[in-house]
Amino acid sequence: MADWIDACAATDIDEEDVIRFDHGGRTFVIIRDHEDNYYCTDGLCTHEDVHLEDGLVVENTIECPKHASIFNASSGEVETPPACENLHTYPTKVENGRVFVEI
Amino acid sequence: MTAILIIGAGESGVRAAFALRGQGFDGTITLIGEEAALPYERPPLSKNPQAAPKAIRPASAYAEAGITLRLGARVSGIDPAARSVTLADGDCLTYDSLLLATGARARLFPGMAGCLTLRSDRDATAIQAQLRPRARIGIIGGGFIGLELAATARKAGAEVTVIEAAPRVLGRAVPQEIAARVADRHGAEGARLLTGADVAAADARRITLADGTALDFDAVIAGVGARPETALAEAAGITVDNGIVVDGQFRTSDPNIFAAGDCCNFQWRGTRIRLESWKAAQDQGAHVATAMLGGSDAYAKVPWFWSDQYDLTLQVAGLFDMGRPVRCRETGDDKTLVFQCDADGRLSAAAGIGPGNRIAKDLRIFEKLIERGARIDPHVLADPAENLKRQLKAA
């Protein structure tokens, strides 16, 4: 059964940026888009397991820092290869200035 | 039914095939590759040659997309008038549109017969077999391939000597500030770099320098560039000049034939260039797919390269003019970031190096600024207190 986990403060992430979040032996990223929506996806690119925390966020996309695969942060879908598998995404909510993720 | 043929099953051809389907093309797509293996990624070959080749797409993806793969198939000729392609096994395939994505092959200069080169998975296997502890490995060429192989060989415990004719390594690709960090790191790792050293002759076991010095090795690898695969195009009467000449839509001198990736010579910001680039091959594959379906946008992607050596990653966006000054963005940590503006004051190139992916975000912003032709005061870009993302939003 997945739990809602208190991951970080909403202000821990700059607008259009990303942080890494490790929990339960797994690694994730939490992304804040240009309209203050928050998303949580797997932390590693599906192409070569490169961590996405160093990737550039543009609007609601995140680009892998290594080989430039681009994913939609909301749906996890590949927008630009070389990745061909989508990222897993996890439900996210903001309450009282905290970001919670259901993982 | 409309038929599209693609000759060359590397990054550009594969990307084009899937992009055609992605854009709704419902005719036949046949992808012809000379190598027998399922199309695979070449960048790991110099960085991680012991790993099994990584497929660009799984075999099932081609079937699902209705892309017919003809692997291990050599094309013997193109007949533009008949719009047909003949394979070495005698098969004749007709097309409505043809894409040449034939890539490039490793170059060897005269007097270098017997040296190993790297282009294919088979080449990587042959090189990997030589990278044993204490094996003496001679590498001709201090470019990306030579230096990545040097780092790989050091990691395997081999003794490495890199011989570069120019006064410094990476002379064509990045400014001195970046190249110096690469060279220092190789030195610290125990690789020997000989710059300003002309090779007079080389074979599988020996390199003789222009000054007469003979160096003996257990294996000699040449990483001295690539030449575009243009023979089929030339034989078909298509214009070739340092690559298959294409317009902004990657159309060759024959209106039914396109070319993309390492084999083509295209227009970028007023000059004609040819790239040997994994990223450009993909970007051009996607672009040419649109063009083959009638799109008219001109290609404007910024050239982008990366290299991994030890734990350092180097990225380059745009093309540096080594005759013009560069500026550093003084980040004050273990990253080095440099950039250059053209004569009109537009940001034209940027490069960075640092551990892991530390420089990636900044480089990607520089790349986007270059793509937009941004004119930004270089003092602003050099100042680490200035937020690059804000510059991007304003550009």
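So the sequence lines, in the order shown, correspond to chains A and B. At position 75 of the first sequence the residue is numbered 75 (our numbering), and the sequence of numbers has no breaks. At position 262 of the second sequence the residue is numbered 1262 (our numbering), and the sequence of numbers has no breaks. Glycine residues also receive a C-beta, built at the ideal position from the N, C-alpha and C atoms.
Residue environment: V1380(B) is assigned as exposed (fewer than 16 neighbouring CB atoms within 10 Å of its CB, all protein chains considered). Taking the beta carbon of C84(A) as reference, the chain B residues within 8 Å of it are R1057, P1058, A1061, listed in sequence order. Pairing I1006(B) with P81(A), the inter-Cα distance amounts to about 19 Å.
Non-local beta-carbon contacts of F1144(B) in its own chain, meaning distances under 6 Å to residues more than five positions away in sequence, involve S1307 in chain order.
Runs of the alpha helix (DSSP H) lying entirely within the segment 1111 to 1188 of chain B, each at least 4 residues long, are 1121 to 1128, 1144 to 1155, 1176 to 1188 in chain order. Counted as a single uninterrupted DSSP element, the beta strand (DSSP E) harbouring L1098(B) occupies residues 1097 to 1100. By the C-beta criterion, the segment 1272 to 1291 of chain B is judged not to be in contact with the segment 1334 to 1343 of chain B, since fewer than 3 inter-stretch pairs fall below 8 Å. Taking each of G1141(B), L1118(B), L1149(B) in turn and checking the Cα distance to R1132(B), the smallest one comes out for L1149(B). By the C-beta density criterion, E1041(B) is buried, having at least 16 other C-beta atoms within 10 angstroms.
Under a criterion of Cβ atoms nearer than 8 Å, the residues of chain B adjacent to V50(A) are, in order, N1357. The bridge partners DSSP lists for G1352(B) are Q1315(B), L1337(B).
When beta bridges are read from the DSSP output, I1006(B) appears opposite L1031(B), L1099(B). Residues of the segment 1323 to 1341 of chain B whose Cβ lies closer than 9 Å to any Cβ of chain A: none.
In this structure, A1101(B) lies near S1012(B), with their beta-carbon atoms less than 8 Å apart. Beta bridge pairing from DSSP links H1287(B) with no other residue.
About 11 Å separates the Cβ atoms of A9(A) and I30(A), ruling out a contact at the 8 Å cut-off. When C-beta atoms of the segment 1244 to 1255 of chain B are compared with those of the segment 1153 to 1170 of chain B, fewer than three pairs fall below 8 Å, so the two segments do not count as touching. For S1120(B), the CB contacts under 7 Å within the same chain, skipping 5 residues up- and downstream, are E1035 in chain order. Of the other Cβ atoms in all chains shown, fewer than 16 fall within 10 Å of the Cβ of W4(A); this residue is therefore exposed. As computed with DSSP, R1329(B) is found in a beta bridge with L1337(B). Annotated as proximal: V1220(B) and C1115(B), with beta-carbon spacing under 8 Å. Annotation for G1077(B): the continuous beta strand (DSSP E) segment containing it runs 1075 to 1079. Y39(A): member of the beta strand (DSSP E) spanning 38 to 42, first to last residue. With respect to the 8 Å criterion, E1386(B) and W1304(B) are not classified as neighbours on the basis of their beta carbons.
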